[in-house]
Amino acid sequence: MKTLHLIGSAGMGGAERWFARFLGAMTRRQEKVEAVVRTGSALARRHLTGVPFYELPLRTVWDPVSRVEVSRLIAGSDARIVQTYMGRA
Numbered sequence: 103m104k105t106l107h108l109i110g111s112a113g114m115g116g117a118e119r120w121f122a123r124f125l126g127a128m129t130r131r132q133e134k135v136e137a138v139v140r141t142g143s144a145l146a147r148r149h150l151t152g153v154p155f156y157e158l159p160l161r162t163v164w165d166p167v168s169r170v171e172v173s174r175l176i177a178g179s180d181a182r183i184v185q186t187y188m189g190r191a
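For the sequence shown, this note's numbering begins at 103 and goes up steadily by one.
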């Protein structure tokens, strides 16, 4: 069963490190995972090696454009579970 994980942080902190470790561990165990991260974020640039991911602007939780983009991505995904982190929950 595929899961889709979404976090909108620009920088790296504890939650982002956990996110990268968790998805990396799931990938190593051959779980089907995909991530959605902020365009140009530290996660996108160097912390998701081996994890398939999408980049979206994810400007703020109140950004209507990002809300539409996330909705479209989820609607087009075959993930059965969508897990959000931090302010995207």
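From the three backbone atoms N, C-alpha and C, an ideal C-beta is built for every residue, glycine too.
In the structure shown, the three-state DSSP call for T186 is strand.
Distance from the CA of R174 to the CA of P166, rounded to the nearest whole angstrom, comes to 12 Å. Ranked by how close their Cα comes to the Cα of S143, the residues R131, Y156 and Q132 have Y156 in first place.
Counting the other CB atoms within 10 Å of its CB gives E133 a total below 16, which places it among the exposed residues. R140: member of the beta strand (DSSP E) spanning V135 to R140, first to last residue.
For the pair L145 and A127, the Cα-to-Cα distance works out to about 15 Å.
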